[in-house]
Amino acid sequence: MSLVIALDATVIVPVLPTIASSLHGSTTATFWVGSAYLLTSAIFQPFIIALSDEFGRRLLLFLCSLSFSLGTLICCLSRSFSQLLPGRAIQGVGGGGIMALNNVIISDIIPLRQRPLYLAAPQLAWAIGTITGPLLGGLFAEHTKWRWIFYLNFPFCLVGVIMIPFAVRLNAQRPSLKDRMRRMDWIGMSLFTVSITSILVPLTWGGVEFAWYSWQTLVPLILGVIILPFTIFYEHYIPLRPFLQLSLFDSRSANAAYFGSLIQGLLLFCTLYYVPVYFEAVKNFGPVKTGLSLMPATATLVPMSIITGAAMRRLGRFRWAIWSGWLITIPATGLLILLNADTTTHSWVLILIVVGVGYGLLLMSLNYCTQVIGNSQNSANAAVMYTFLRSCGICLGVALGGAVFQNQLVVHLRRMHLPTEIASDAMSLISTLTGSRETVAPAILKSFHNVCEFMLAFATLGGVLSIFIESASPDADLNSEHVVTS
16 MSLVIALDAT VIVPVLPTIA SSLHGSTTAT FWVGSAYLLT SAIFQPFIIA LSDEFGRRLL
76 LFLCSLSFSL GTLICCLSRS FSQLLPGRAI QGVGGGGIMA LNNVIISDII PLRQRPLYLA
136 APQLAWAIGT ITGPLLGGLF AEHTKWRWIF YLNFPFCLVG VIMIPFAVRL NAQRPSLKDR
196 MRRMDWIGMS LFTVSITSIL VPLTWGGVEF AWYSWQTLVP LILGVIILPF TIFYEHYIPL
256 RPFLQLSLFD SRSANAAYFG SLIQGLLLFC TLYYVPVYFE AVKNFGPVKT GLSLMPATAT
316 LVPMSIITGA AMRRLGRFRW AIWSGWLITI PATGLLILLN ADTTTHSWVL ILIVVGVGYG
376 LLLMSLNYCT QVIGNSQNSA NAAVMYTFLR SCGICLGVAL GGAVFQNQLV VHLRRMHLPT
436 EIASDAMSLI STLTGSRETV APAILKSFHN VCEFMLAFAT LGGVLSIFIE SASPDADLNS
496 EHVVTS
C-alpha cells in the first residue's frame, strides 16, 4: 500500500493539465487536486495514531484502507472538480494514516537494532512510488485517459482491505469503550488539528489562490500561530494522557532530527515538482521523457537506502549516514543551479545521481535516528512524529517552492518586458508552449534557479542542524502494549 499511496501523491502532477481540460477547471482548482491530498495526508496522521492507541492498530489501518479506497472510487467517478477534490482529500486521510501506521506498527514489534531492515520495505516502497509517479503520470497523459491513474489503485486497495484483518495480528489490554473514550485527549487533538490546518492551508494557497498579504492568507495563518503555543501549553499541564508527547522534543538531538525530517520532505518534493519544469520548459521534453529523466535519482536513491539500512543495523550507529547524506545533498542541490538549456545529458544525469545518493542516505537514517534517540516507551510516538513532520515538509516544499517560482517568474518576465500574466498560469502553460518557448524559457529557467537556491538554503540548514545530533544506542528492549498474537 505504501507504493500506491506514494504514487498517488506524485502521479497526478503531469496529468493536471489534462484533468483541467477534461473537467473545465481553473488553475486554482487544478492546483488543489494535488494539495488536497498532501494536506489531509499530513494533518490527520497524529489524530489517527492517537485513535489507534486506544482502539487498536488493526482497526485503524483497516479504516484508513477503506478511506483510501473510497476516495479513489470518488475520483474515478468524478465529473467535476467539486466531486474530484473531496475524493482527493478522503484519499489523503487514508494514505497518510497508512503511512504513519506502517511506521508505528514496525516500532511496536521490532527491536531497535533490527529495525532498519524492516523500515526499509515501506520506506523504499514509498520512495519508488514517489519518484516513479511522474513517469507513470506522463505515460497516462500521453497514451490513455487520466482516470486510469485512479483505476489502477483498486487491485491494491482490494488486497489491502482483505488482508489487513488477517495479516495484522496485534493486541493490547484494553479497558471498556466508555473508559477509552474518556481517556482520549479530545480537546488537545482538536486544538492541534485546528492549529496545524490554520498554518498549512494558507501557506499552501498563499500566492496561488490568494495573495500573501490578503486577509484570506494572513488571518488563518496568524490564528494558527496563536493556537499552536496555546496547544503546547495545554498539553503540558492539563490532560492526564496528553495527545502530544512533548517529551519527544526534550533533547537538542531530537529537535535537530525532527527538523531535518521536515527539510528532507521539503527538498524531495521541491525536486519532484520543479526539476520536471526545467525538463519540459527549458529542455523541451515531453511528459514521458521528463518522467524518464528523473530515473537517475531513483536508480541511486533506492539501493542507497537499502545499503544504509543494512549498514546501520550492522554498525549500530546512524550519525555517519545523516552527516554523509547532508554533505552530499548540499552540493548536489547547488549543482542543480548549474542546469541550463545547454546542459549535456551526461551532466544532468550525473547531477541527479548525486541527488539520489544524498536523499537515499537521509531517507533511512533520519527515520531510524528519531526512533533511537527517544526512549523505548516513546518509540511509536517518535515514528509517527517523523512521518508527520516529513509530510508537513512535503506540503511546504510544494507550496513554498511554488510561491518562489511564481513570484520570481513575475520579476524575470517584467525585466524581459514580457506579459507577467504568464506567471499566474505558468504550470499549465508549460506543456502548451510552442513558438513562444524560446522567449519565455529563459525566465522560467531563472525562476527554477531561484527555487534551487531556496532548496540550497534549507539543505544547508539541515546540514548545520545535524551537527547537534548526538550518538545513542539502539540496544533497547521493546516496550509496547501492542503485541503480536497468534
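Quick note: to get the working numbering, add 15 to the position in the sequence shown (first position is 1).
Heads up, the beta-carbon is just placed ideally off N, CA and C, and yes, glycines get one too.
As the structure is a computational prediction, the values presented were derived from the model and not from experiment.
Given a cut-off of 8 Å on the beta-carbon distance, is the pair residue 414 and residue 218 in contact? yes
Can you tell me whether residue 357 is buried or exposed, with buried defined as 16 or more other CB within 10 angstroms of its CB? exposed
Check whether the region 339–354 and the region 454–474 are in contact - that is, three or more C-beta pairs closer than 8 Å. yes
Hey, would you say the C-beta of residue 479 is under 7 Å away from at least one heavy atom of the ligand HEM? The ligand HEM is not part of this structure, which contains no ligands at all.
May I ask you to verify whether the region 474–487 touches the region 334–345, counting CB pairs closer than 8 Å and requiring at least 3? yes
Take every Cβ of the region 43–62, pair it with every Cβ of the region 199–208, and state whether three or more of those distances are shorter than 8 Å. yes
Spatial neighbours of residue 395 in its chain, beta-carbon cut-off 7 Å, leaving aside the 5 residues before and after: 119, 122, 123, 495
To the nearest angstrom, report how far apart residue 255 and residue 67 are at their CA atoms. 18 Å
Distance, residue 279 Cα to residue 431 Cα: 34 Å
Stretch-stretch touch, CB-based, cutoff 8 Å, three pairs: the region 399–417 with the region 276–292: yes
Does the Cβ-Cβ distance between residue 111 and residue 86 come in under 8 Å? no
C-beta atoms of residue 387 and residue 64 nearer than 8 Å: no
By DSSP, does residue 294 sit in helix, in strand, or in coil? helix
Segment contact, 8 Å Cβ cut-off, at least three pairs: the region 416–425 with the region 217–236: yes
Output the distance between the C-alpha atoms of residue 485 and residue 329, rounded to the nearest integer angstrom. 19 Å
Closest Cβ-Cβ distance between residue 387 and chain D: below 8 Å? Here chain D cannot be found, since the structure has a single protein chain.
What's the call for residue 327, buried or exposed, on a 16-neighbour Cβ count within 10 Å? buried
Grab the span of the alpha helix (DSSP H) containing residue 69 for me, first residue to last. 60–70
Which residues in the same chain as residue 137 place their Cβ atom closer than 6 Å to its Cβ, once the five residues preceding and following it in sequence are excluded? 17, 117
Measure the beta-carbon distance from residue 106 to residue 52 and round it to whole angstroms, keeping in mind my assumption that it falls under 8 Å. 6 Å
Short check: CB of residue 401 to CB of residue 488, under 8 Å? no
DSSP state of residue 340 mapped onto helix, strand, coil: helix
Alpha-carbon spacing of residue 115 relative to residue 293, whole angstroms: 32 Å
Candidates 260, 176, 434, 318, of which the one nearest residue 132 by Cα: 318
Pull up the distance between the alpha-carbon of residue 30 and that of residue 23, whole angstroms please. 12 Å
Between the Cα of residue 258 and those of 204, 191, 90, spot the shortest distance and give me the residue it belongs to. 204
Let me know the secondary structure DSSP gives residue 148 once reduced to three states. helix
Starting from the N-terminal side, write out each stretch of the alpha helix (DSSP H) that is 4 residues or longer and does not extend beyond the region 154–201. 163–166, 168–182, 192–198
Which of helix, strand or coil DSSP assigns to residue 225: strand
Taking 8 Å as the limit between beta carbons, can you name the residues of its chain near residue 26, skipping five residues before and five after? 148, 149, 151, 152, 155, 164
Inter-residue spacing [alpha-carbon to alpha-carbon] between residue 50 and residue 183: 31 Å
Go ahead and pull the three-state DSSP assignment for residue 332. coil
Nearest-angstrom beta carbon gap, residue 459 and residue 424 [assumed within contact, 8 Å]: 7 Å
Can you grab the Cα-Cα spacing for the pair residue 303 / residue 296, in whole Å? 14 Å
Around the C-beta of residue 366, are 16 or more other C-beta atoms found within 10 angstroms, so that it is buried, or is it exposed? buried
Which of helix, strand or coil does DSSP assign to residue 431? coil
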